[in-house]
Amino acid sequence: MDLSPHTDLDVADLHPAVGDPALNSMNFLNEVAQRYPDAVSLAAGRPYEEFFAVADLHRHLETFRAYLADDLGYGPAQVHRALFQYGRTKGIIHDLVARNLAVDEEITVDPESIVVTVGCQEAMLLVLRALRAGPADVLLAVAPTYVGLTGAARLVDLPVRPVAGGPAGIDLADLRAQVRRARAEGLRPRACYVMPDFANPSGASIGLADRRRLLDLAAAEDLLLIEDNPYGLFHADGAGRVPTLKALDTGRRVVYLGSFAKTVLPGARVGYLVADQRVRDADGTVGPLADQLAKIKSMVTVNTSAIAQAVVGGALLAHGCSLVAANTRERAAYARNLRHLVDGLARRFPDPSPVRWNVPAGGFFAVVSVPFPVDDALLRRSAEDYGVLWTPMAHFYDDTAPVAALRLSISAVTPGQIDTGLDRLAALIADELARSPVPVARG
Ligand SMILES: Cc1ncc(COP(=O)(O)O)c(C=O)c1O
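Next up, the structure:
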């Protein structure tokens with residue numbers, strides 16, 4: 001870091017988002033991880049790297065090329081153009097994404113309602129940019145929430161108001177209260193952001209009955225729901241899958257966000273959105289919200305890399321467009337790791353213990369609550385003195401109140417590394433408990 005007094009610009013003269021903790025969160029966590037490369041990382045939410053092989057990239061590209069030529073009947077010049085040139089703003093694998101949603105999720109959508117994006121992150125930005133029409137607009141989001149959502153909202157000057165999550169994934173009474181409170185203040189809640197399946201960071205899921213109630217509430221309150229579902233395929237052993245909100249959505253209430261980062265590969269940076277809400281354009285024509293979002297995309301990333309889409313498209317084609325089929329090995333490994341983590345916590349913190357944790361029905365994350373505040377300074381000490389990384393839950397709340405909990409991730413590690421990480425975490429917690437414990441408000 002350059003601390004010399006001479007500067008050319010003041011951060012106060014840049015968009016307020018750049019000085020916001022939400023935008024620094026990922027940088028901070030990456031910086032800690034880079035500084036302590038030998039620490040066991042129960043922080044990283046990235047997929048397990050041993051699942052990837054360079055040869056797969058070539059195979060997927062060739063599969064997609066053959067699909068263009070044989071299934072779509074493209075001549076050599078068309079294949080060339082599709083792979084090498086600038087492309088359609090809404091993407092070139094929208095038909096395959098629609099097939100994937102039909103096969104795996106029983107979601108039926110017109111491919112024209114799909115925009116293929118540069119990761120799910122771009123999908124969030126496009127939706128929030130479009131929904132933020134004026135200064136009265138606000139977004140509701142289940143707290144704790146994914147920091148990428150909060151950061152994207154900051155970039156488009158859209159305030160985020162928390163809705164209580166809790167073990168059921170969403171507190172519907174609080175959602176109704178927050179909608180009404182915002183309206184009473186003259187504000188316009190545009191949507192509520194939810195992760196119904198194995199949320200990041202809480203690991204919580206919304207049950208089927210509550211999903212139906214949530215859709216009813218959204219209809220009654222005339223609210224959109226933004227459903228983000230990067231982890232839905234990774235259910236734990238013995239836990240079934242629950243239909244997505246979008247699969248249950250008969251009234252076009254749900255804008256669905258998808259990511260191929262966890263189910264294909266994050267390096268491709270490919271995600272998508274489904275926005276089938278009908279919008280009347282200035283010229284009177286009616287089309288899907290996806291068309292409006294594509295206008296924004298055309299000014300942000302122009303189009304998602306054709307090569308990256310081809311790799312993802314080839315991976316989809318290789319398994320009849322089923323990512324459930326493509327991820328049988330991955331699902332089993334993540335389920336095994338999650339079980340290993342939860343069992344390991346139970347062994348290290350037997351009852352009665354002031355340390356508590358949830359048992360998610362799937363996904364990458366579990367939350368451990370402790371009787372002392374968990375902040376960035378404690379993470380640094382954990383990395384330096386104990387050799388284990390995790391994520392302070394404070395990063396997922398949009399305020400500065402102390403939080404007595406941390407997020408553990410099982411996706412990038414082996415069971416052996418989980419054991420080592422938990423041993424180190426248990427040593428840290430024991431030492432913290434031996435200091436005078438401080439009661440804190442939120443766990
Ligand atoms: C809840 C959630 N949404 C979105 C993303 C970002 O997905 P992508 O890598 O496709 O941009 C992540 C990544 O960790 C996530 O956890």
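For the sequence shown, full-length UniProt numbering begins at 1 and goes up steadily by one.
Ideal Cβ positions, reconstructed from N, Cα and C, are used throughout, including at glycine.
Bear in mind that the values here come from a model prediction, so they are computed numbers and not experimental data.
So what's residue i in DSSP terms, helix, strand or just coil?
i, result
"G251", "coil"
"R280", "strand"
"F349", "coil"
"V388", "strand"
"V274", "strand"
"R424", "helix"
"G287", "strand"
"V440", "Caution is warranted here: a pLDDT of 49 is assigned to V440, below 50, making its placement in the model unreliable, and the coordinate value is therefore given only provisionally. Three-state DSSP puts V440 in coil, outside helix and strand."
"S382", "helix"
"G258", "strand"
"A412", "coil"
"A199", "coil"
"I429", "helix"
"T150", "helix"
"G313", "helix"
"F52", "coil"
"C120", "helix"
"Y334", "helix"
"N303", "coil"
"I296", "helix"
"V374", "coil"
Per DSSP, residue i forms a beta bridge with which residues?
i, result
"T192", "Looking at the sequence shown, residue 192 is not Thr but Cys. Looking at the DSSP assignment, C192 forms a beta bridge with L140 and L225."
"T63", "In the DSSP output, where bridge partners are listed per residue, T63 has none listed."
"G369", "Looking at the sequence itself, residue 369 is Ser, so the reference to Gly does not match. Partner(s): R356 and A405."
"I114", "V274"
"R161", "L140"
"V40", "V388"
"H235", "G362"
Out of the options, point me to the one whose CA is closest to residue i's CA.
i, options, result
"G238", "A69, D137, R132 and R336", "R336"
"I93", "G240, L126, L224 and I307", "I307"
"D104", "L316, V370, D70 and P266", "L316"
"R280", "Q292, A164 and S369", "Q292"
"H395", "H6, T150, L128 and E49", "T150"
"L214", "V194, A383 and Y231", "V194"
"V54", "Q78, A268 and D174", "A268"
"L245", "V359, T108 and D375", "T108"
"E50", "V264, A405 and M299", "V264"
"I206", "P243, R99 and S298", "P243"
"A168", "L155, R154 and R211", "R211"
"K297", "L273, A310, L23 and L158", "L273"
"P402", "R99, S353, Q121 and V370", "V370"
Just to check, is the beta-carbon of residue i closer than 7 Å to a non-hydrogen atom of ligand 1?
i, result
"Q309", "no"
"S259", "yes"
"D228", "yes"
"G75", "no"
"C120", "yes"
"G320", "no"
"N303", "no"
"G148", "yes"
"P266", "yes"
"M26", "no"
"M393", "no"
"N100", "no"
"G271", "yes"
"N200", "yes"
"M195", "yes"
Is any non-hydrogen atom of ligand 2 found closer than 7 Å to the C-beta of residue i, if you look at the structure I gave you?
i, result
"G45", "Looking for ligand 2 in the displayed structure turns up nothing; the ligands present are ligand 1."
Quick one: any contact between the stretch 84-102 and the stretch 297-305, if contact means 3 or more CB pairs under 8 Å?
yes
At least three beta-carbon pairs within less than 8 Å, the stretch 141-154 to the stretch 200-207:
yes
Specify whether the stretch 339-350 and the stretch 57-68 touch according to this definition: at least 3 beta carbon pairs, one from each stretch, less than 8 Å apart.
no
Quick test of the definition: if touching needs 3 or more C-beta pairs under 8 Å, does the stretch 400-420 touch the stretch 39-59?
yes
Cβ contact (3+ pairs, closer than 8 Å) linking the stretch 232-249 and the stretch 355-363
The count of Cβ pairs closer than 8 Å, one atom from the stretch 232-249 and one from the stretch 355-363, reaches three, so the stretches are in contact.
Would the stretch 239-257 count as touching the stretch 219-228 if we require 3 or more Cβ pairs under 8 Å?
Cβ pair count under 8 Å is three or more, so yes.
Do the stretch 185-194 and the stretch 128-139 make contact, defined as three or more Cβ pairs closer than 8 Å?
yes
Do the stretch 369-388 and the stretch 112-130 touch if we need at least three Cβ pairs shorter than 8 Å?
no
Quick test of the definition: if touching needs 3 or more C-beta pairs under 8 Å, does the stretch 6-24 touch the stretch 149-164?
yes
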